[in-house]
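Written out below as C-alpha cells is the structure these notes cover.
Residue numbers (my numbering): 102 to 185.
Here it is, written out as C-alpha cells:
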C-alpha cells in the first residue's frame with residue numbers, strides 16, 4: 102500500500118471529527134491532529150478505533166501516544182501492516 106493511499110484513507114477517517122476545516126484542506130504528513138485539525142482527545146480515540154478497523158491492525162497505547170501528526174499515524178500504520 103502506497104504512502105499516498107494511506108494518507109488518503111486517513112483523511113477520510115478523520116474528516117468527521119475535524120473542527121477546523123482549513124486544516125483539512127492542507128492535509129499532509131506534518132498536519133497535527135490536535136492543533137491543525139482541532140480534533141479533541143476523546144475523538145482522537147474514535148479516530149484510532151476507525152484506523153484499526155480500516156487497516157485491520159491493532160494500535161497499542163505506546164503507539165497511540167506517539168500519534169500526533171498524519172505522518173506519525175502513517176508510520177505506525179505502515180509498521181503494523183509490515184508486522185502483521
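Note that beta-carbon positions come from the ideal geometry of N, C-alpha and C, so glycine has one too.
For residue i, three-class secondary structure by DSSP
i, result
"residue 147", "helix"
Residue range of the unbroken alpha helix (DSSP H) whose run includes residue i
i, result
"residue 111", "104–115"
"residue 122", "122–126"
In DSSP terms, what residue i is bridged to
i, result
"residue 137", "In the DSSP output, where bridge partners are listed per residue, residue 137 has none listed."
Residue j beta carbon less than 7 Å from that of residue i
i, j, result
"residue 146", "residue 115", "no"
"residue 104", "residue 172", "no"
"residue 138", "residue 152", "no"
"residue 107", "residue 178", "yes"
Kindly provide the ranges of any alpha helix (DSSP H) runs that are 4 or more residues long and lie completely inside the region 149–179, ordered along the chain. Whole alpha helix (DSSP H) segments, 4+ residues: 162–166.
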